[in-house]
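Only one structure is covered here, and it is reproduced in the block below.
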Amino acid sequence: MIKAIFFDIDDTLYDTSGFAKLARKAALNAMIAAGLPLTHDDAYILLREIIKEKGSNYDQHLNVLTKRVFGEENLLLVAIGMITYHNVKFALLRLFPETMSTLIHLKAQGYNLGVISNGLTIKQYEKLVRLGLHHFFDSVITSQETGVEKPDINIFELAMGRMGCKAENAVMIGNSFSDDIQGAINAGMSAIYLTPQLTASEKEYINKSNGKIDIISDIGEIKNKM
Ligand SMILES: [Mg+2]
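Heads up, the sequence shown is in numbering that gives the first Met the number 0, so the first residue is 0 and it goes up one at a time.
Okay, structure coming up:
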């Protein structure tokens, strides 16, 4: 019997990838308008290279970008890019349409709700607070806090320990098959995979999982399952 439900944040509770791309593009346009001597396409390619190199949680991508272009940082352009990025990001930050009603439904059913997220604690809390979701969760655990990232089973075990639940009473919901789903299964939990479609290797893994993995294409479908 399921008592605790854990969620991933990014691209599970809200559309992260869509807004991040638009916000980055807007930031570069503002920097180009203010004198960054690159075409939009070249600037976007360079920024993506830097993000890939430094990781998405690094907070000085634009500093590095100006340094690569000018040989030294241009902090005025960095400030222009950062402000535009944040303004666009917050303007576009929206839940998936069914997220709020799903969390309300699960709370009303008496489930304990938690978050297990790879990322910086302050950034992940900022998202939950801005989205108005932080009151729903009894426990929020991040990879920064635990020192290990999903799919490491330790992060799932720490989250269950904090929630006071056993793996057989816990389910993980997420959009990353390797991080959220395989990680949870390896930790003994069940899992609900949020995805528009399955790859052949995912299908094979799911068939071997003895019914411990459910599939949904919209977060609202959880309401019919729990
Ligand atoms: Mg995710």
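Where a beta carbon is used, it is the ideal one built from N, C-alpha and C, also for glycine. As the structure is a prediction and not an experimental result, all values here were calculated from the model.
Applying the 10 Å Cβ sphere with the 16-neighbour rule, what's the burial state of Thr38?
In the sequence shown, residue 38 corresponds to position 39, counting from 1. Looking at its Cβ environment, which holds fewer than 16 other Cβ atoms inside 10 Å, Thr38 is exposed.
Give the DSSP-derived three-state secondary structure of Met81 in the structure shown.
What you label residue 81 is simply residue 82 of the sequence shown in a count that begins at 1. In this structure, Met81 counts as helix in the three-state DSSP scheme.
Please list, in chain order, all residues with a C-beta atom less than 6 Å from at least one heavy atom of ligand 1.
Cβ-based neighbours of ligand 1 within the cut-off: Asp7, Asp9, Asp10, Thr11, Gly173, Asn174, Ser175.
Taking buried to mean at least 16 other C-beta atoms within 10 Å of its own C-beta, is Ala90 buried or exposed?
For the purposes of this step, residue 90 is identified with residue 91 of the sequence shown, where counting begins at 1. When all chains shown are included, Ala90 counts as exposed.
If we count the other Cβ atoms within 10 Å of its Cβ and call it buried at 16 or more, is Thr11 buried or exposed?
Locating residue 11 in the sequence shown gives position 12, counting from the first residue. With 16 or more Cβ atoms within 10 Å of its Cβ, Thr11 is classed as buried.
Mind checking which residues open and close the beta strand (DSSP E) that includes Gly17?
Residue numbering aside, residue 17 sits at position 18 when the sequence shown is read from its first letter. First-last for Gly17: 15 to 32, but that is the alpha helix (DSSP H), not the beta strand (DSSP E).
Please find out if some non-hydrogen atom of ligand 2 comes closer than 6 Å to the beta-carbon of Thr15.
For the structure depicted, ligand 2 is absent and the ligand set comprises only ligand 1.
Any contact between the stretch 149 to 162 and the stretch 179 to 199? By contact I mean 3 or more CB pairs, one from each, below 8 Å.
Cβ pair count under 8 Å is three or more, so yes.
Under 6 Å Cβ to Cβ from Gly173, same chain only, skipping five residues before and after it: list those, please.
By 1-based counting over the sequence shown, the position of residue 173 is 174. Only Asp7, Thr11, Asp179 meet the Cβ criterion.
Is it the case that the stretch 188 to 201 contacts the stretch 76 to 88, given that we only count it when at least three CB pairs across the two stretches are under 8 Å?
Judged by Cβ distances under 8 Å, the stretch 76 to 88 makes no contact with the stretch 188 to 201, as fewer than three pairs qualify.
Check Val68 in the structure and name its three-state DSSP category.
Here the question's residue 68 lines up with position 69 in the sequence shown. It is helical.
Would you kindly check if the distance between the Cβ of Tyr192 and the Cβ of Ile214 is under 7 Å?
Reading the sequence shown from its first residue, position 215 is the one you call residue 214. Reading the sequence shown from its first residue, position 193 is the one you call residue 192. Taking 7 Å as the Cβ cut-off, Ile214 and Tyr192 qualify as a contacting pair.
Could you tell me which of Lys211, Asn111, Val68, Tyr124 sits nearest to Glu144, measuring between CA atoms?
Residue mapping note: residue 144 aligns to position 145 of the sequence shown, counting from 1. Ranking the options by Cα distance to Glu144, first place goes to Tyr124.
Reducing DSSP to helix, strand and coil, say where Val87 ends up.
In the sequence shown, the residue the question calls residue 87 occupies position 88. If DSSP states are grouped into helix, strand and coil, Val87 belongs with the helices.
Could you give the distance in angstroms between the alpha-carbon of Glu167 and the alpha-carbon of Lys149?
As a first step, residue 167 is located in the sequence shown; it is residue number 168 there, counting from the start. As a first step, residue 149 is located in the sequence shown; it is residue number 150 there, counting from the start. Looking at the two C-alpha atoms, the distance is approximately 19 Å.
Can you grab the Cα-Cα spacing for the pair Met188 / Met225, in whole Å?
Here residue 188 refers to the residue found at position 189 when the sequence shown is read from its first residue. Here residue 225 refers to the residue found at position 226 when the sequence shown is read from its first residue. C-alpha separation (whole angstroms): 16 Å.
Can you tell me whether DSSP reads Val63 as helix, strand or coil?
Position 64 of the sequence shown, counted from the start, is the residue given in the question as residue 63. DSSP places Val63 in helix when its eight states are reduced to three.
Could you check where the alpha helix (DSSP H) with Ala190 kicks off and where it finishes?
Counting from 1 along the sequence shown, the entry for residue 190 is found at position 191. Per DSSP, Ala190 belongs to no alpha helix (DSSP H); it is in the beta strand (DSSP E), 189 to 193.
To the nearest angstrom, how far is it from the Cα of Leu45 to the Cα of Glu52?
By one-based count along the sequence shown, residue 45 stands at place 46. By one-based count along the sequence shown, residue 52 stands at place 53. In a straight line, the C-alpha of Leu45 is about 11 Å away from that of Glu52.
Might you give, ordered along the chain, the residues of its own chain that have their beta carbon closer than 7 Å to the beta carbon of Asp28, omitting 5 neighbours on each side?
Taking the first residue of the sequence shown as 1, we reach residue 28 at position 29. Here residue 28 is Asn; the residue named in the question, Asp, does not match the sequence. Within the same chain, Asn28 has close Cβ partners His39.
Any idea if Arg23 is buried or exposed, counting beta-carbon neighbours within 10 angstroms, 16 or more meaning buried?
Within the sequence shown, numbered from 1, the residue matching residue 23 stands at position 24. Classification of Arg23: buried, given that the 10 Å Cβ count is 16 or more.
Buried or exposed: where does Phe135 fall if 16 or more other Cβ atoms within 10 Å of its Cβ makes it buried?
In the sequence shown, counting from the first residue as 1, residue 135 sits at position 136. Buried.
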